[in-house]
Amino acid sequence: MADSLPHPKSYYFASANHQTDYPVLQGEEKCDVCVIGGGVTGISSALHLTERGYHVILLEENRIGWGASGRNGGQSIFGYSCEMSKIRSLVGNDDAKKLWDLSLEALQLTKTLIRENDIQCDWADGQMHAAIKPRQHRELELWRAELSADYQYENLEIWTGSKLKSKIDTERYLAGLFDPNSGHLHPLNYTLGLADAAIKRGVRIFEKSAVLEVNEGKIIKAITSSGEVSCRYLVLAGNAYLSGFAGRISNKLMPVGTYIGASEPLGEERARSLIQNNMAVADINFVLDYYRLSADHRMLFGGRVSYSTVPPLHLAKSMKARMLKVFPQLSDVSIEYAWGGFVGITMNRAPHFGRIGKNLFFAHGFSGHGVALTGLAGKLMADAISGTAEQFDVFSRIPHHSFPGGAFLRMPALVLAMAYYRLRDLLP
């Protein structure tokens, strides 16, 4: 058995509803579809495949929800990490409209999965994008106008002045773009709840079962250190960290670290004095802050980026400093948990879906918009395997380029690019 890693010491892990121990793969198994990856993408694909009558085995290298699905900011929001104008330039008007509609379908699917499977993950409605500078206020106005005119999305509200101040007690923002359809949740409990639902439908899950090799063919073999799975179809849902596929798909992904600090409990009255309507918030800087209140009234504040696999020193202190730029009134509040994880970004910040041959499917590169899109990605891979690939193919038609510089130079190239965007964030 390959060594596996425990969950990070995060607020999410400390407040998880439960943690089921799944067995390690031992010996030979056969199934219709093998799914590699125990996050929302993989579990959603397994869940939807079993509903279509397939026998499914899911292999997870560490624990269910160990990766981004169990660590992220919990914001389930509309659209994509890149603007719809960028999407339109890549795929044309017709597919852009389909992709917009699919982003809304992703939001609705998340809520449906929670409701139908009675997942206790603290869903709360509402999310706001916030403008710090006049230029960003203009961007929010243009964004709202574009989504109304081109995609008939009329739900967005621009808040300024006293209306904005009545919703969020900070002087940092000039304007906010509020969407009532978006929202936030406890991501690890959502992921664990999906796994429970998958098990009830007949999915077999194996943890601590890293796939070391994949042999392609009409019958695919996924090989671990202690067993192997033979299958007709393979789903790659591990964000491209998979032996044997680095040259074909992982060069289109860059893992970038991002971090969250969870405060001590504030009490309901103090928490609601900060964010009156309990919405999630993210500013629109390239290196952004994002935050929300937890169900037990903590401030969960995320931000900063890193290109190293080593956690930053004094993470709790640095996350508190970021939080105080928005809420200086929390100077007396301690950070009880601080953790990080990696978001998989693509060059164009659009999701990367595709096939390798006829029977191997993948979806990744959600670039920070994965809370909603991962559930949809799993469903669309299940649809494609069962013969209805139209919506999957809309995503697969988005063109993607490899990060320049190969394995050794693409990280320095990204650091230079991020330095440029940080300078842009400083412009008025």
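Counting from 67, one number per residue, gives the positions in the sequence shown under my numbering.
Here a beta-carbon is modelled for each residue, glycine too, at the ideal position from N, C-alpha and C.
The structure displayed is predicted, hence computed values, not measured ones.
Cβ pair residue i, residue j closer than 8 Å
i: L354; j: L168; result: no
i: Q85; j: V437; result: no
i: G103; j: E117; result: no
i: I234; j: R314; result: no
i: Y357; j: D98; result: no
i: E237; j: I130; result: no
i: N414; j: L208; result: no
i: N255; j: A82; result: yes
i: P200; j: L240; result: yes
i: G27; j: S110; result: In the structure displayed, the chain extends from 67 to 494; residue 27 sits before or after that span and is not available.
i: V90; j: V301; result: no
i: I326; j: G368; result: yes
i: A448; j: L115; result: yes
i: L206; j: I180; result: no
i: A328; j: L366; result: yes
Rounded separation between residue i and residue j - CA only
i: K164; j: A416; result: 14 Å
i: P74; j: Y403; result: 10 Å
i: W189; j: V106; result: 16 Å
i: L222; j: V322; result: 30 Å
i: S40; j: G410; result: Shown here, the chain extends from 67 to 494; a query on residue 40 therefore has no answer.
i: V122; j: S228; result: 53 Å
i: A306; j: N317; result: With a pLDDT of only 43 at A306, under 50, the local geometry of the prediction cannot be trusted, and no value is derived from it.
i: G407; j: A134; result: 6 Å
i: C148; j: G192; result: 21 Å
i: Y88; j: A264; result: 13 Å
i: Q47; j: A382; result: For the chain, the structure presents residues 67 to 494; residue 47 sits outside this window and is missing.
i: E171; j: N159; result: 18 Å
i: R154; j: E95; result: 44 Å
i: M345; j: A196; result: 12 Å
i: P72; j: G259; result: 19 Å
i: G304; j: G434; result: 15 Å
i: S296; j: I464; result: 31 Å
i: A68; j: V371; result: Caution applies to A68, whose pLDDT of 45 falls short of 50 and renders its modelled position unreliable; the value that the coordinates give is listed next. The straight-line gap from Cα to Cα measures roughly 29 Å.
i: D184; j: A80; result: 21 Å
i: N351; j: L446; result: 31 Å
i: R336; j: V277; result: 47 Å
i: G108; j: L124; result: 8 Å
i: R364; j: L251; result: 13 Å
i: R267; j: N247; result: 29 Å
i: L319; j: M150; result: 20 Å
i: P470; j: A162; result: 26 Å
i: T412; j: T440; result: 15 Å
i: N128; j: S275; result: 7 Å
Boundaries of the alpha helix (DSSP H) in which residue i is found, first to last residue
i: S214; result: 200–217
i: A261; result: 253–266
i: N159; result: 159–182
i: K287; result: Looking at the DSSP string, K287 is not in any alpha helix (DSSP H); the run it does join, the beta strand (DSSP E), is 286–289.
i: D459; result: 456–462
i: G227; result: 227–233
First through last residue of the beta strand (DSSP E) which encompasses residue i
i: T116; result: Run containing T116: none in the beta strand (DSSP E); it sits in the alpha helix (DSSP H), 106–117.
i: L319; result: Where L319 is concerned, there is no enclosing beta strand (DSSP E), given that its DSSP letter is neither H nor E.
i: M365; result: 365–372
i: A194; result: Just to set this straight, residue 194 is Met in the shown sequence, not Ala. From DSSP, the beta strand (DSSP E) with M194 extends over 190–197.
i: G441; result: Where G441 is concerned, there is no enclosing beta strand (DSSP E), although the alpha helix (DSSP H) it sits in stretches over 436–451.
i: V65; result: This structure cannot speak to residue 65, because the chain is shown only from 67 to 494.
i: V392; result: Looking at the DSSP string, V392 is not in any beta strand (DSSP E); the run it does join, the alpha helix (DSSP H), is 381–392.
i: F272; result: 270–272
i: K96; result: 93–102
i: F79; result: Counting along the chain, F79 falls outside any beta strand (DSSP E), though it belongs to the alpha helix (DSSP H) covering 77–80.
i: R336; result: Not the beta strand (DSSP E): R336 falls in the alpha helix (DSSP H), residues 334–340.
i: D245; result: 241–250
i: L278; result: Note, L278: premise wrong, no beta strand (DSSP E); not H, not E.
Cβ neighbour criterion (16 or more within 10 Å) applied to residue i
i: R137; result: buried
i: T454; result: exposed
i: A211; result: exposed
i: G119; result: exposed
i: K386; result: buried
i: I198; result: buried
i: S360; result: buried
i: Y77; result: buried
i: G242; result: buried
i: Q218; result: exposed
i: R270; result: buried
i: S214; result: exposed
i: N281; result: exposed
i: G285; result: The sequence given here places Ile at residue 285; Gly does not occur at that position. It is exposed - the Cβ of I285 has fewer than 16 other Cβ atoms within 10 Å.
i: G249; result: buried
i: L379; result: exposed
i: T178; result: exposed
i: G420; result: buried
Problem - Validate contact between the stretch 391–399 and the stretch 326–334 using beta carbons, cut 8 Å, 3 pairs - result: The stretch 391–399 makes contact with the stretch 326–334, as at least three CB pairs between them are under 8 Å.
Problem - Sufficient close CB pairs (3 or more, under 8 Å) joining the stretch 275–293 to the stretch 141–156 - result: Because the criterion of three Cβ pairs below 8 Å is not met, the stretch 275–293 and the stretch 141–156 do not touch.
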